[in-house]
Amino acid sequence: MTQLRKRKWFIKAQQKNFSIDDRGYLRFCNQICISKVINVKDLILRETHESPFAIHTRKKMYRDLREMYWWPGMKKEIVEFVTECLTCQQIWECITMDFIMGLSLSPSKRNVIWVIVDQFMKSAHFLAVRIDWSVPKLVELYI
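Quick note: the sequence shown, position 96, residue 95 per numbering that gives the first Met the number 0, numbers continuous.
Put into structure tokens, the structure is as follows:
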């Protein structure tokens, strides 16, 4: 197949994935296409990233956005956007901890849940521990 025929075949195949919906939006595989010319991409990235419900990771942000939007180089732009975010670079630097105590013994003789929360990522780890474990033992478990 010549280069020109390959290009024509590729364009034809791509056209099948594009459509215009009832509201006049151009869609690619059912996702709204975002123009390169307009600063809509920047607005979408900022709004998604700065939402109080946002989780500051590249994968999560990409998964959320790709459900509704599409533009060429989208994944790369999201990676670059998140990489420039100072908050996103501080993963597990600001944590809070608490202990859930008064539980009955588990089969592994653990009776406390140690809760460790990353304030920036809004994610938590729950570790089953024993009430009589020393601080050095907990540090070892944490690291």
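Every residue gets a Cβ at the ideal spot worked out from N, C-alpha and C, and that includes glycine. This one's a predicted model, so the numbers in the text were calculated from it and none came from an experiment.
* Asked: Using CA coordinates, which residue listed in Gln89, Tyr68 and Met60 is at the minimum distance from Leu25?
  -> Tyr68
* Should Ile99 go down as buried or exposed, given a rule of 16 or more other Cβ atoms within 10 Å for buried? -> exposed
* For Trp91, which option in Gly101, Leu104 and Asp117 has the closest C-alpha, if you only look at C-alpha atoms? -> Asp117
* Asked: Straight-line CA distance for Trp132 to Met96?
  -> 16 Å
* **Residue closest to Glu79, alpha-carbon to alpha-carbon, out of Asp21, Asp20 and Arg45** => Arg45
* Glu76 versus Glu49: straight-line alpha-carbon distance, rounded -> 16 Å
* Asked: For the alpha helix (DSSP H) that contains Phe80, what are its first and last residues?
  -> Met73 to Thr82
* Assign Arg62 to one of three DSSP states: helix, strand, or coil. => helix
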